[in-house]
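In our numbering, the protein residues as written are 1 to 205. A virtual CB, placed ideally from N, CA and C, is assigned to each residue, including glycine.
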């Protein structure tokens with residue numbers, strides 16, 4: 001297949017940058033770039049500023065590692081949340097998915113990934129030690145493992161369970177209403193909400 005020829009090197013460079021986004025091919029990237037060209041300068045500058053500020057100013061909550069505008073995210077700072085229950089998730093998208101169910105009122109702990117030897121991701125590459133330290137403080141009574149029901153998710157669940165065992169904290173896992181092999185963020189809100197509500201003790205698995 002012949003490589004598409006661009007009438008401008010500036011256009012080609014912009015398309016190449018947009019094509020780096022996950023799920024964005026060069027044709028879609030070209031459509032996005034051409035759309036930007038049709039916008040007012042102020043709109044494009046506003047877009048560029050939002051992306052630049054996101055990268056430079058976004059913070060990660062020092063408690064749960066969720067994305068935040070300050071050192072403590074709004075969820076951890078909310079005194080109405082149940083601080084005795086911590087829901088462990090893989091990423092920020094999973095926090096948003098569970099929050100959309102409006103059925104969980106505890107706090108979160110974002111691992112930032114799951115154990116996957118095939119991808120070179122080990123326990124030291126995710127936020128497990130900070131979770132253990134958080135539980136060791138004594139305020140957490142239950143840890144809910146809400147990882148996607150995949151081989152990697154189950155491996156991470158077991159590793160965390162073993163690490164938390166000495167603390168004596170209750171460890172539960174979301175019910176398997178979430179189909180095995182599915183990514184959590186793509187599960188519908190009703191199923192995900194029921195899985196949280198009908199969680200079971202990890203040791204019963």
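Per DSSP, residue i is paired with what?
| i | result |
| --- | --- |
| residue 142 | 85 and 170 |
| residue 52 | Answer by DSSP bridge pairing: none, since residue 52 is not bridged. |
| residue 68 | 59 |
Provide the residue span of the beta strand (DSSP E) that contains residue i, from first to last.
| i | result |
| --- | --- |
| residue 106 | 106 to 110 |
If you run the structure through DSSP and keep just helix, strand and coil, what is residue i?
| i | result |
| --- | --- |
| residue 201 | strand |
| residue 121 | strand |
| residue 59 | strand |
| residue 115 | coil |
| residue 73 | coil |
| residue 192 | helix |
Between which two residues does the alpha helix (DSSP H) harbouring residue i extend?
| i | result |
| --- | --- |
| residue 94 | 92 to 101 |
| residue 263 | For residue 263 there is no data in the structure shown, the boundaries of the chain being 1 and 205. |
| residue 28 | 26 to 37 |
| residue 153 | 151 to 164 |
| residue 18 | 9 to 18 |
Shortest alpha-carbon distance to residue i belongs to which of the options?
| i | options | result |
| --- | --- | --- |
| residue 89 | 127, 122, 49 and 83 | 127 |
| residue 165 | 148, 193 and 133 | 133 |
| residue 92 | 81, 122 and 107 | 107 |
| residue 110 | 80, 49, 83 and 147 | 147 |
| residue 167 | 139, 192 and 193 | 139 |
| residue 60 | 48, 78 and 74 | 74 |
| residue 142 | 47, 117, 105 and 72 | 105 |
Contact check, residue i vs residue j under 8 Å by CB: the rounded distance?
| i | j | result |
| --- | --- | --- |
| residue 213 | residue 33 | In the structure displayed, the chain extends from 1 to 205; residue 213 sits before or after that span and is not available. |
| residue 173 | residue 157 | 6 Å |
| residue 85 | residue 144 | 7 Å |
| residue 112 | residue 65 | 6 Å |
| residue 98 | residue 152 | 19 Å between Cβ atoms; not a contact. |
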